[in-house]
Amino acid sequence: MKVLLVFVLISLAALASARKPFAVRYDNFKVYRAFVEDSEQLEEFKKIHHHLQVHILHEIGGPNRSYDVIVGPLFQRAFEQVLHDLQVAYDIIVEDLQALLDESEVDEEAPMDWETYHPLDVIYDWVDEQCDQHDYLECNVIGHSYEGRPIKSVKLSKREGNKAIVIEGNIHAMEWISSATVTYLLNQLINSEDEEMQRLSEEFDWIVMPMVNPDGFVYTHDVERLWRKNRRPNGYSNSSGPCYGIDMNRNFDYHWSGAGWGIEDPCDHWFGGDEPNSEREIVALQEFVNSFEDGYIRAYLAFHAYGQYVLLPYGHTNTEFPPNYDQMMRIAAAFADGAEDAFGSVFTYGASGLLNYVVSGAAKDWAYGVKGIPFTCTVELRDKGTFGFFLPSNQITEVGVEVTEGLKSLVAKAADEGIFD
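Mind the numbering: the sequence shown is residues -18 to -1, 1 to 403 in mature numbering (1 follows the signal peptide of the UniProt record, and there is no 0), read in order.
See below:
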């Protein structure tokens, strides 16, 4: 009997393991910050990932920039030698990536809060609870992901005639602070006793999509913390096997595939797809936004990590700017001022093609260029690279607070500028 019981337990454990793969670990992996000064260095730097197994965390935009690169123990000496040969200066900003990841606590049993990161089912359960408790919330499933998970939306509307603000979260799977911040903002709009937040929830409609990429998000919890894209097999393969996913913030049909490093490599993190609007998650988002009458949505804010930027259109160029760019800059400056007042975090603002790197197919550009929404931006949250994509969970609440203050200032300035007229 004991032998049989042991056999059953082993079989159940094996079955459980088969259902949920072991998560990839990054023990003793280092994060390097390489300072690429000129075009000659840049061209050689771009080739490193072809002969060394490294993970470049940023799209490569141009020279005179720094790039963060994850390198495992087997390749660290070779990577350092290559940088030395190229005369590329570098710092090691993370000595042990796994130790940093362990600081990003995930409590699968804890109820929803903003002290820890949560899995998808906890986030969605909280959204459902809010929808059940408040009759001014209209909650929908706007579509389903490739793997069949719902993409949920919450529309907060307390009176007729309001103009609307859209908030989008977690289109990139690994950016956990995005959905944490978006749900923090939603909670403030619903439950805060702060008079200014109550006024904002009365005078404006809020359309919130906290999780645009549920498949990728689940994958970062269960398998690979560094995953960025969605999880649809994209029809290509390389030496490691089939390639999965599209960078969905490169898949919108506005100057699609016009610019960006790696967007044409189907096995890279930034692959923008074989054609625009190829991903069902993006089609669902666009159809949902299109379901509202023209002129109703007046602002579109997409939350990402990291760098502390307010990125404005356009992304596909650094020489063309929106007709109301000066107005958008004043509104972005108001956000930066409000956010800085909270804890001193400094946000840089301007066109993304100018400040960050030239890349096309982003949500904010589609919202502005196709939908005609007069203020759109990508807010890149904390920090400036100390923790990067792996911001510890003990900073979630502070990020939420500073973004809330920034949002208050942004909406006030946008109203002064006539955005909601």
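The beta-carbon is built from N, C-alpha and C at its ideal position, and this holds for glycine as well.
Cutoff 8 Å; reference residue i; Cβ partners in own chain excluding five residues on either side
{"i": "Tyr106", "result": "Pro132, Lys134 and Met193"}
{"i": "Phe57", "result": "Leu34, Gln35 and Val36"}
Reference residue i; option with closest CA among the options
{"i": "Ser298", "options": "Asn338, Phe329 and Asn212", "result": "Residue 298 is actually His in this sequence, not Ser. It is Asn338 whose Cα lies nearest to the Cα of His298."}
{"i": "Gln377", "options": "Trp96, Tyr128 and Pro45", "result": "Trp96"}
{"i": "Tyr99", "options": "Glu302, Ser375 and Thr386", "result": "Ser375"}
{"i": "Ala349", "options": "Glu362, Gly143, Leu82 and Asn233", "result": "Asn233"}
{"i": "residue 412", "options": "Tyr166, Lys353, Gly335 and Asn220", "result": "With the chain represented from -18 up to 403, any question about residue 412 goes unanswered, as that position is not in the structure."}
{"i": "Glu399", "options": "Leu83, Met310, Ile264 and Val361", "result": "Met310"}
{"i": "Glu26", "options": "Phe61, Leu68 and Asn46", "result": "Leu68"}
{"i": "Gly382", "options": "Asn300, Ala162 and Val18", "result": "Ala162"}
{"i": "Val340", "options": "Thr301, Ala314 and Asn306", "result": "Thr301"}
{"i": "Ser127", "options": "Glu150, Pro196 and Ser222", "result": "Pro196"}
{"i": "Gln35", "options": "Glu261, Arg262 and Asp250", "result": "Asp250"}
{"i": "Asp347", "options": "Asn231, Arg364 and Ser219", "result": "Asn231"}
{"i": "Asn55", "options": "Leu79, Leu65, Gly43 and Val265", "result": "One detail in the question is off: residue 55 reads as Pro in this sequence, not Asn. Taking only the C-alpha atoms, the option nearest Pro55 is Leu79."}
{"i": "residue 404", "options": "Thr330, Phe325 and Ile264", "result": "Missing from the structure shown is residue 404; the chain here goes from -18 to 403 and no further."}
{"i": "Val164", "options": "Met191, Ser48, Asp176 and Glu184", "result": "Met191"}
{"i": "Asp229", "options": "Gln290, Glu175, Gly343 and Ser48", "result": "Gly343"}
{"i": "Trp238", "options": "Ser221, Cys225 and Glu257", "result": "Glu257"}
{"i": "Ile124", "options": "Gly332, Thr379, Asn272 and Ala324", "result": "Asn272"}
{"i": "Asn306", "options": "Gly277, Val6, Arg7 and Ile401", "result": "Ile401"}
{"i": "Ser160", "options": "Ala396, Glu120 and Arg364", "result": "Arg364"}
Sequence-distant residues of the same chain with beta carbon closer than 7 Å to residue i, five excluded per side
{"i": "Phe371", "result": "Leu39, Met156, Glu157, Ala287 and Tyr288"}
{"i": "Ser391", "result": "Ala316, Phe317, Asp319 and Gly320"}
{"i": "Lys28", "result": "Ile42"}
{"i": "Glu19", "result": "Pro45 and Asn46"}
{"i": "Ile264", "result": "Met230, Asn233 and Phe234"}
Contact set for residue i: own chain, Cβ-Cβ below 6 Å, skip 5 residues either direction
{"i": "Gly351", "result": "Tyr236"}
{"i": "Ile189", "result": "Lys137, Ala146 and Val148"}
{"i": "Pro101", "result": "Glu90 and His203"}
{"i": "His32", "result": "none"}
{"i": "Ile279", "result": "Ala146, Val148 and Ile355"}
Environment of residue i [buried if 16+ CB atoms lie within 10 Å]
{"i": "Asp181", "result": "According to the sequence as given, residue 181 is Arg; it is not Asp. It counts as exposed."}
{"i": "Thr368", "result": "exposed"}
{"i": "Gln112", "result": "buried"}
{"i": "Gln23", "result": "buried"}
{"i": "Phe199", "result": "buried"}
{"i": "residue 416", "result": "This structure gives no information on residue 416, because the portion of the chain shown stretches from -18 to 403."}
{"i": "Phe4", "result": "Low per-residue confidence applies at Phe4: pLDDT is 49, beneath 50, and the placement is therefore not dependable enough to give any value."}
{"i": "Asp403", "result": "exposed"}
{"i": "Asn212", "result": "buried"}
{"i": "Ser334", "result": "buried"}
{"i": "Asp117", "result": "exposed"}
{"i": "Asn220", "result": "exposed"}
{"i": "Pro304", "result": "buried"}
{"i": "Ser(-2)", "result": "In this prediction, Ser(-2) scores a pLDDT of 36, lower than 50, which makes its location untrustworthy; the coordinate-derived value is nonetheless stated afterwards. Exposed, because fewer than 16 other Cβ atoms sit within 10 Å of the Cβ of Ser(-2)."}
{"i": "Ser21", "result": "exposed"}
{"i": "Val(-16)", "result": "Its pLDDT being 40, under 50, Val(-16) is placed unreliably in this model, and the coordinates cannot settle the point."}
{"i": "Gly130", "result": "exposed"}
{"i": "Pro248", "result": "buried"}
{"i": "Pro215", "result": "exposed"}
Contact between the stretch 356 to 367 and the stretch 276 to 289: three or more CB pairs below 8 Å? Because the criterion of three Cβ pairs below 8 Å is met, the stretch 356 to 367 and the stretch 276 to 289 touch.
Return the chain-ordered ranges of every beta strand (DSSP E) run that is complete within the stretch 304 to 335 and spans a minimum of 3 residues. Runs found: 330 to 333.
What are the start and end residues of each continuous beta strand (DSSP E) run of 3 or more residues lying completely inside the stretch 110 to 189, in chain order? With a minimum length of 3 residues, the continuous beta strand (DSSP E) runs that stay inside the stretch 110 to 189 are 119 to 126, 132 to 138 and 146 to 151.
Do the stretch 380 to 388 and the stretch 164 to 179 make contact, defined as three or more Cβ pairs closer than 8 Å? Yes, the stretch 380 to 388 touches the stretch 164 to 179.
If we require 3 or more residues per run, which beta strand (DSSP E) segments fall completely within the stretch 47 to 80? With a minimum length of 3 residues, the continuous beta strand (DSSP E) runs that stay inside the stretch 47 to 80 are 47 to 53 and 71 to 76.
Taking three-plus beta-carbon pairs below 8 Å as touching, is the stretch 70 to 77 in contact with the stretch 12 to 21? The stretch 70 to 77 is in contact with the stretch 12 to 21.
4-residue-minimum alpha helix (DSSP H) runs that sit fully inside the stretch 259 to 295, ordered along the chain: Listed in chain order, they are 262 to 272.
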